[in-house]
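Reminder that position 367 of the sequence shown reads as 367 in UniProt numbering, one-by-one numbering, no gaps.
Everything below concerns the one structure shown next.
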Amino acid sequence: AYANSPSALVPASFITLLMGAIFAYYFLLMGRICKMTYTTTYREAWDITMGKKGSSLVVLTTVMMAGLGNLAYSMILADTSRSLIMAAGIGITRTGSLLLVTVFALLPLCLAKNLSVLAPFSLVGMGAMVFTLIAMGIRCFDGSYDSTKSGKFLKDIPDDLKPSFGELGAVGALSPNALLLVCMTFQAFFAHYNAPRYYMELKDNTVQRFSKVVGTSFGISATFYVLMTVFGFLTFGSYSDGFILNNYSTNDPLASISRAAIFVAILFTFPLPFIGVRDGILDILMVPPAQQTPTFINILTVVILATFTVMALHFHDLGMVNAVGGGSLGTLVVFVFPALMFRGYVKNLGHDASQFQKRESAFSLGLMCLGIVMGSIGVWVAVSGP
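Okay, here's the thing in structure tokens:
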């Protein structure tokens, strides 16, 4: 954390809202690029505006970014499953709980041939997040974790997860450490690889209508993130964990319900980006369709899932993973590639390009440079920090 006083929430909220607006702009830009180039995928848009050169790098980067999401999911499942099992009075390690979930739940789901049955669980995920936000709000104000009120759940949590506050507040945002928060938002708002699909599947898809949908969606998401940040930080201060539910007692019923809901939601959401990663790897390796037999696909599935599991067992700091991955891969997918594509489109127009398009191209490139600087410093701080 770059600060330990509640006043730090002011710049933190501003940063979150600002990044939400920037990410919304680039998401909208990707939809506009696809409309202008008559393309339907991120890679097609790159090929039309920039040529085939670099196309494989684009695919590799987006696959790795999706894989980062699966890694984060595995880490969350490891923590939530262990907490839930321990809440039932059964002792188990984080490694043991993740292996159980991976072998008996994730593997069968990832091997499934029809994933359409998982679609309803997206609503479960939304419900889980709303309930978690409400639960965090209740615990923020009822004093259950307040050391000055002898909070009833304080005795259940380790010292490095108990509330900790100091005097460093809003001024802490001037520290390079604040860019860790910026990099975390890269992962929080990331959906840009699917922007073309969202635009194409939008009913009566016009740029104006897409703009309203994007603005509303990112606005709601940013507000949600701000509220969750406020409730979590006001409760635990600088000792807020990268996965905030780790701070709450396993004996806290509201936290246990939140963990269970998020566990179910992530469990059934996991295969969706996973299939994207698997298909992307097949694309990068240029495996002919004739060789993509069920046996080959199943073996590849096991190898990829095992890789995510081993990495999740090694990494424990979800915030660090999101900061490093978001600051590096997220910068490319969100800031760099869309800006270069738009510049390529405007350049290809030649004299037909309007002054507004030329100015916007310069603006998006400038914003891209800012994103690269923020992401690079954020990754450096995350890696070199204590």
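All residues carry an ideal CB built from backbone N, CA and C; glycine is no exception.
Which stretch, first to last residue, makes up the alpha helix (DSSP H) that contains Asn177? That residue, Asn177, is in no alpha helix (DSSP H); it is neither H nor E in DSSP.
For Phe363 and Phe189, I'd like the C-alpha separation in whole angstroms. Cα-Cα distance, rounded: 21 Å.
Residue environment, Gly91, which counts as buried when at least 16 other CB atoms sit within 10 Å: Exposed, by the Cβ-count rule.
Where Ser354 sits in the DSSP three-state scheme: Of the three classes helix, strand and coil, the one that applies to Ser354 here is coil, per DSSP.
Whole angstroms are fine: how far does the CA of Arg359 sit from the CA of Val346? Val346 and Arg359: Cα-Cα distance of roughly 10 Å.
Return helix, strand or coil for Gly166, following the three-state DSSP convention. Three-state DSSP puts Gly166 in coil, outside helix and strand.
Kindly list the residues whose CB is nearer than 6 Å to the CB of Val63, restricted to its own chain and excluding five residues on each side of it in sequence; keep chain order. Short of 6 Å from the beta carbon of Val63, and not among the five residues preceding or following it, lie these beta carbons of its own chain, in chain order: Val277 and Gly280.
Identify, in the order they occur along the chain, each residue of the same chain with its Cβ nearer than 6 Å to the Cβ of Lys113, setting aside the five sequence neighbours on each side. Leaving aside the five residues that flank Lys113 on each side, none in its chain has a CB nearer than 6 Å to its CB.
Taking just the CA atoms, how far does Lys149 sit from Ile266? Distance between the alpha carbons of Ile266 and Lys149: 35 Å.
Using 8 Å for Cβ pairs, my map puts Leu133 next to Leu305. What's the rounded Cβ distance? In fact, because the Cβ distance is near 30 Å, the residues do not count as touching under 8 Å.
Hey, how far is the Cα of Ser211 from the Cα of Gly169? The straight-line gap from Cα to Cα measures roughly 36 Å.
What number of angstroms, rounded off, separates the C-alpha of Ala72 from the C-alpha of Phe224? Between the C-alpha atoms of Ala72 and Phe224 there is a straight-line separation of about 19 Å.
Cα separation between Val10 and Ala191? C-alpha separation (whole angstroms): 26 Å.
Please state whether the Cβ-Cβ distance between Leu318 and Met19 is less than 8 Å. Not closer than 8 Å, so no.
Looking only at its chain, what residues have a beta carbon closer than 6 Å to the beta carbon of Ala135, apart from the 5 residues adjacent to it on each side? Same-chain partners within the cutoff: Leu254 and Ser258.
Quick check on the burial criterion: 16 or more other C-beta atoms within 10 angstroms. Buried or exposed for Cys34? Per the 10 Å Cβ criterion, buried.
I need the DSSP call for Gly143, collapsed to helix, strand or coil. Coil.
So Leu285 packs on Gln292, CB below 8 Å; how close in whole Å? That pair is no contact at about 10 Å.
From the DSSP output, in three-state form, read off Gly237 for me. Here Gly237 sits in strand by DSSP.
Between the C-alpha atoms of Leu349 and Leu29, what's the straight-line distance to the nearest angstrom? Near 17 Å, if we compare the C-alpha coordinates of Leu29 and Leu349.
For Ala191, verify whether its CB is less than 7 Å away from any heavy atom of the ligand MG. This structure lacks the ligand MG; in fact it carries no ligand of any kind.
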